[in-house]
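Scroll down for the structure; my scribbles are underneath it.
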Amino acid sequence: MRPERWSLEDLALVRAIAEAGSLVGAARALGLDHSSAFRRLGALEERMGATLFRRSRRGYAPTEAGDIVRRAAERVQHETDALARQLAGHDRQLQGSLRVTVPDTLVELTLELCSEFAAHYPAVSVDLVVSNAFLTLQRRDADIALRPARNAPDGMSVRQLATIGTAVYAPESESPSEHGDARRVIGFGESLAHLDSARWIFRNIDPQHIALTVDTLPAALAACQAGFGRALLPCYLGEGKPGIRRIGDVLPEVCTDLWCVIHPDLRSSARVRAFRDLAVQWARQRQALFSGALQAAVE
1 MRPERWSLED LALVRAIAEA GSLVGAARAL GLDHSSAFRR LGALEERMGA
51 TLFRRSRRGY APTEAGDIVR RAAERVQHET DALARQLAGH DRQLQGSLRV
101 TVPDTLVELT LELCSEFAAH YPAVSVDLVV SNAFLTLQRR DADIALRPAR
151 NAPDGMSVRQ LATIGTAVYA PESESPSEHG DARRVIGFGE SLAHLDSARW
201 IFRNIDPQHI ALTVDTLPAA LAACQAGFGR ALLPCYLGEG KPGIRRIGDV
251 LPEVCTDLWC VIHPDLRSSA RVRAFRDLAV QWARQRQALF SGALQAAVE
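Note that the UniProt record's numbering has the sequence shown beginning at 1, numbered continuously upward.
Next comes the structure, spelled out in structure tokens:
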């Protein structure tokens with residue numbers, strides 16, 4: 001009897017259902033409608049002669065056979081991702097697309113970099129992905145990442161671009177004579193709890209002085225501009241913004257670095273190298289802005 005063959009689409013469907021725990025979630029992830037996903041799974045199970053998922057009110061759970069297929073699908077996905085990276089890494093052409101990911105705080109500055117890159121390499125289309133999550137370069141969710149972090153990510157090709165200073169910024173509406181203990185501060189929510197600046201606030205600010213809690217740094221900037229209170233901001237985000245002023249020097253215990261992160265397989269890609277090299281120049285020209293030395297601090 002001739003064994004049935006699995007297509008990449010079959011494996012992707014099983015993997016998506018296992019990850020989502022539901023047919024609806026899997027269909028959404030694969031860009032299918034629910035009925036198509038339902039028919040494909042039914043046809044697959046009939047063709048294989050095995051039930052791959054247990055159906056219940058709680059969703060879809062892999063059977064023993066389904067779990068075997070899921071693990072195989074993950075191995076195949078890993079190999080195809082590696083193949084895609086290796087082929088991209090041997091691309092010597094300065095054309096095509098380049099996927100760059102940055103956090104929301106770096107959008108404005110990175111657009112300047114992308115504009116310079118487009119002027120130098122008009123045949124390369126840049127896809128800018130704004131995400132505070134560390135996208136998986138293994139799966140090529142992005143080709144290159146610009147990330148503020150204290151330490152360089154492991155297992156990646158990295159280049160330090162700049163040192164990032166952090167300082168306290170106050171609304172211009174804040175009275176200079178206002179008593180220090182009465183000054184209000186913008187707090188950070190759980191999504192920012194991993195930041196050194198969040199830990200600094202936790203150690204140094206009485207909770208009763210937190211005027212507002214936000215879950216992004218641009219929101220902290222906006223809250224400071226709106227007069228809610230002082231905000232702890234990276235200098236590249238706070239300097240020169242209307243409605244606020246810097247208070248004191250940068251805080252040495254909250255300094256981080258800006259990294260350019262690339263998967264090792266993509267180091268030889270002409271597009272990636274060109275973007276990285278331009279990013280090095282771009283960051284060097286703005287080192288004073290990143291470090292906080294651009295503007296003299298005032299109290």
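Built from N, CA and C at the ideal position, the CB exists for glycine as well.
Note that the structure is a prediction, hence the values are computed from the model and not measured.
Check                                                                                                           : Outcome
For Pro171 and Ala222, the rounded distance between their alpha carbons                                         : 10 Å
Simplified DSSP state of Cys235, which is helix, strand or coil                                                 : helix
Beta-carbon proximity of Glu253 to Asp196, cut-off 8 Å                                                          : yes
Other residues of its chain near Ile205: CB distance less than 7 Å, five sequence neighbours each side excluded : Val185
Exposed unless 16 or more other CB atoms sit within 10 angstroms - verdict on Arg15                             : buried
Terminal residues of the beta strand (DSSP E) in which residue 303 lies                                         : Absent from the structure is residue 303, since the part of the chain shown begins at 1 and ends at 299.
Supposed close pair Thr166, Pro218 - CB separation, criterion 8 Å                                               : Contact flag wrong, Cβ pair sits at about 15 Å.
Which residues DSSP lists as bridging residue 305, in chain order                                               : Since the first residue shown for the chain is 1 and the last is 299, residue 305 is missing from the structure and cannot be characterised.
Own chain residues within Cβ distance below 7 Å of residue 315, not counting five before or after               : The chain is shown only over 1 to 299; residue 315 falls outside these bounds and no answer can be derived.
Exposed unless 16 or more other CB atoms sit within 10 angstroms - verdict on Asp265                            : buried
Test item: CB-CB of Gly187 and Ile210 under 8 Å                                                                 : yes
Beta strand (DSSP E) segment containing Gly227, residue limits                                                  : Segment: none, Gly227 is in no beta strand (DSSP E) and carries neither H nor E.
The stretch 97-104 contacting the stretch 122-130, beta-carbon criterion three pairs below 8 Å                  : yes
contact_flag[the stretch 42-53, the stretch 6-23] where n(CB pairs < 8 Å) is 3 or more                          : yes
Alpha carbon of residue 329 to alpha carbon of Ala29, nearest angstrom                                          : There is no way to answer for residue 329, as the model of the chain reaches only from 1 to 299.
Proximal residues to Leu111 (C-beta, below 8 Å), its chain only, five neighbours per side dropped               : Leu128
Extent of the continuous beta strand (DSSP E) to which Leu294 belongs                                           : From DSSP, Leu294 is part of no beta strand (DSSP E); its letter is neither H nor E.
Close Cβ partners of Gly227 (< 6 Å) along its chain, the five nearest in sequence each way excluded             : Pro171, Ser173
Beta-carbon spacing of Ala27, Ala37 below 8 Å                                                                   : yes
Thr163 - DSSP class collapsed to helix/strand/coil                                                              : strand
Test item: CB-CB of Leu146 and Leu192 under 8 Å                                                                 : no
Unbroken alpha helix (DSSP H) run spanning Leu212, endpoints                                                    : Unbroken run through Leu212 is the beta strand (DSSP E), 210-214; no alpha helix (DSSP H).
Exposed unless 16 or more other CB atoms sit within 10 angstroms - verdict on Ser56                             : exposed
Residues bridged to Tyr169 (per DSSP)                                                                           : Ala231, Arg246
Check whether Thr213 and Gly189 have beta carbons under 8 Å apart                                               : yes
Simplified DSSP state of Gly25, which is helix, strand or coil                                                  : helix
Supposed contact pair Leu13 and Arg40 - C-beta distance, whole angstroms, cut 8 Å                               : 6 Å
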